[in-house]
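Taking it in order: structure first as structure tokens, then the write-up.
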Amino acid sequence: MRLKFRPVDASFYDLFSEAAAHIVVGAQLLAEMLADGSDREAIAKRMRDAEHAADETTHAIIRRVNSTFVTPFDREDIYALASGLDDVMDMMDEAVDLVLLYEVTHLPAETTQQVEVLQRCAELTAAAMPSLESMKSLDEFWIEINRLENTGDKAFRRILASLFSGEYEALEVLKIKDVVESLEGAIDAFEKVANIVEQIAVKES
Amino acid sequence: MRLKFRPVDASFYDLFSEAAAHIVVGAQLLAEMLADGSDREAIAKRMRDAEHAADETTHAIIRRVNSTFVTPFDREDIYALASGLDDVMDMMDEAVDLVLLYEVTHLPAETTQQVEVLQRCAELTAAAMPSLESMKSLDEFWIEINRLENTGDKAFRRILASLFSGEYEALEVLKIKDVVESLEGAIDAFEKVANIVEQIAVKES
Amino acid sequence: MRLKFRPVDASFYDLFSEAAAHIVVGAQLLAEMLADGSDREAIAKRMRDAEHAADETTHAIIRRVNSTFVTPFDREDIYALASGLDDVMDMMDEAVDLVLLYEVTHLPAETTQQVEVLQRCAELTAAAMPSLESMKSLDEFWIEINRLENTGDKAFRRILASLFSGEYEALEVLKIKDVVESLEGAIDAFEKVANIVEQIAVKES
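Here you go:
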């Protein structure tokens, strides 16, 4: 784990923005991974780097919360938000890893919709993090993530139905199911992040 | 999410009873879903409605705990109980959804035992919620749920063994395994609810 | 659940050491289970006993924390550590159970590496528990568990790749995947324990 320079006065808001920025990178790499003709080994390596960088940010938040006397909102909410963002990254990293590991060659078309949802969720989350300071527009964030999660869920269910329609062999089903479950897991993790943000906003209002 | 009229003075006990009432409905729909010759589309739709109603109750509890100064027991225990009841509903909803989605035609006989356990757990939980106020008979609740979880676990393990006995094809195993794992997950979620109730009772005693 | 004699003044440190001792037994039984020519029924029975004994210790910790006014570190950290240790035991028990239930006859060679990691993690955890009192050498514990988790993760990924290399039939893949995922889950659970210990140490420093 390479240590990055970080000014001592980086606030919790800055750190959460940093965590979300890693997630934007991760979602972009995920999209590249699933594009035809991509250099999967190289992308998977960059994903691992992004995941390490995200881990570093998570650790920075945890250490900060443990060593700070006054926090901008409840300590347990800071933990929950940091670990929620970390879960998003882990699930996206898992999806990339499984595609490489299983040598998945063909994914159902709806997988693209899952990845588009993830990219949109990542952008919205990155945009929402600075708003934690002003507590403005967080309602819109929460509602939009929930709407996207719903879209992602429908794509996921269509994929599952097609996997068991007889078109795929059992081993292929096993591989693809693992990948699309990771993608669905990442989308669900975004929803949890949005719920935590909502809870923080409700408490502060 | 349709907003339901709810009198402003509904207590936490009332809201927990409401959550448990949704679960009783869900367990009943689950039993209907697995009965021969049922209208699965229609039942799955009613299950989705029940699940939405349960979500609404969970949200009502969370918002109440965030806006109330004095709570009848620890805030984190209220969260844990609300989200535990929500998990039960989610797992039952998932089971119903998978049966429809995978077009499962035949389930091992022991699945009935899992569903009976779920129905009994739902009734016991609904009966226990009002007792949170008096803190009476909660021991019996906790012990009985744990006994039922044990029965459910044995049925689950028999199903798994039979799935891999060579009688089923791999794709069929994958489908059925997902369904019975959801049922087992719902039973485990009831056990967690019972453990939270036990913990609340111990603190208050 | 047989009640064991326990002196009233057993400290939290003693109880955590007791929990870790059960885990050392569990890891040893797991290694025996996977050895050629072992009496699997007998070992699985001993594993169930060890798991029950561990449950008893977990309950003792929870009851103690609920009935004690002053705790050596934050109440929620005591809960988290107790339930983290319990998760390790549950995952190891699940692995043993699945091997018996699925009548798994052949496991990939790398499974041995997973089990070695688990045995080493168990020993380190047992050695670290008494250090919670002095808060000494906990850094080394945390770092070493994370290094071992990394080793275990590599073995797990090699197993997954080999499972899907075409060498195994779908049903065999399903069985083995469940077993090695339990082993990986147990290793991850050790990592969580180490992270909780780190967090306790940071707060106290």
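Just so you know, the protein sequences line up as chains A, B and C, in that order. Mapped onto the UniProt record's numbering, the consecutive letters of the first sequence carry residue numbers 1 to 205. Mapped onto the UniProt record's numbering, the consecutive letters of the second sequence carry residue numbers 1 to 205. Mapped onto the UniProt record's numbering, the consecutive letters of the third sequence carry residue numbers 1 to 205. All C-beta atoms, glycine included, are put in the ideal place defined by N, C-alpha and C. Only a predicted model underlies this, so the values are computations on that prediction, with no experimental measurement involved.
Asked                                                                                                          : Found
Any beta strand (DSSP E) of 3 or more consecutive residues that is wholly inside the region 123-200 of chain B : none
Exposure of S137(B), with buried meaning 16 or more beta-carbon neighbours within 10 Å                         : exposed
Integer-rounded CB distance, given that M33(A) should sit under 8 Å from I23(A)                                : Rounded, the Cβ-Cβ distance is 15 Å, inconsistent with contact.
CB contact check: R2(B) to chain A, cutoff 7 Å                                                                 : At R2(B) the pLDDT is 48, less than 50, meaning the model places this residue with poor confidence and gives no usable figure here.
For L107(B), three-class secondary structure by DSSP                                                           : coil
Meets three-Cβ-pair contact criterion under 8 Å: the region 187-196 of chain A and the region 70-86 of chain A : yes
Contact set between R157(B) and chain C, taken where Cβ atoms lie within less than 8 Å                         : D97, L101
Cβ-based neighbour list, P72(B), same chain, cut-off 6 Å, excluding 5 preceding and 5 following                : F12
The region 43-58 of chain B / the region 121-135 of chain B touching (three or more Cβ pairs under 8 Å)        : no
Partners in chain B for V180(A), counting only beta-carbon separations shorter than 9 Å                        : None at all; the shortest Cβ gap to chain B is about 13 Å.
Residue of V96(C), F156(C), A20(C) minimising C-alpha distance to E184(C)                                      : F156(C)
Contact with chain A by A170(B), beta-carbon distance below 7 Å                                                : yes
D90(A), enclosing alpha helix (DSSP H) - first and last residue                                                : 75-101
Minimum Cβ-Cβ distance from L160(A) to chain B less than 7 Å                                                   : yes
Residue environment, R6(B), which counts as buried when at least 16 other CB atoms sit within 10 Å             : Confidence in R6(B) is poor, its pLDDT being 49 and thus under 50, which makes the residue's placement unreliable; the coordinate value appears in the next sentence. Per the 10 Å Cβ criterion, exposed.
Helix, strand or coil at V70(B) according to DSSP, with G and I counted as helix                               : coil
Classification of E18(C) by the beta-carbon crowding that lies within 10 angstroms, buried from 16 upward      : buried
Residue nearest to A189(A) in terms of C-alpha spacing, selected from F16(A), A21(A), R63(A), A122(A)          : A122(A)
K175(B) at chain C interface by Cβ criterion, 7 Å                                                              : no
Three-state class that DSSP yields for D39(C) in the structure shown                                           : coil
Test: E167(C) CB closer than 7 Å to a CB of chain A                                                            : no
Where S205(C) sits in the DSSP three-state scheme                                                              : coil
Chain C contact for F164(B) (CB, 7 Å cutoff)                                                                   : yes
Burial state of T68(B) (16 or more Cβ within 10 Å)                                                             : exposed
Beta-carbon proximity of E110(B) to R147(B), cut-off 7 Å                                                       : no
Nearest candidate by alpha-carbon position, reference D14(A), set A60(A), A35(A), R40(A)                       : A60(A)
S17(B) in three-state terms, based on DSSP                                                                     : helix
C-alpha gap between V88(A) and I187(A), whole angstroms                                                        : 7 Å
7 Å Cβ cutoff, N66(C) in contact with chain B                                                                  : yes
C-beta neighbour in chain B for K154(A), strict 7 Å                                                            : no
Local Cβ density within 10 Å of S205(A), reported as buried at 16 or more and exposed below that               : exposed
Close beta carbons around E41(B), own chain, < 8 Å, minus the five adjacent residues each side                 : L100
Proximity below 7 Å, CB of A170(C) to CB of A161(B)                                                            : no
Short-range partners of chain B found in the region 52-78 of chain C, where Cβ spacing is below 9 Å            : I62, R63, N66, S67, E76
Contact list for the region 190-204 of chain B against chain C, Cβ threshold 8 Å                               : Q199, V202, K203
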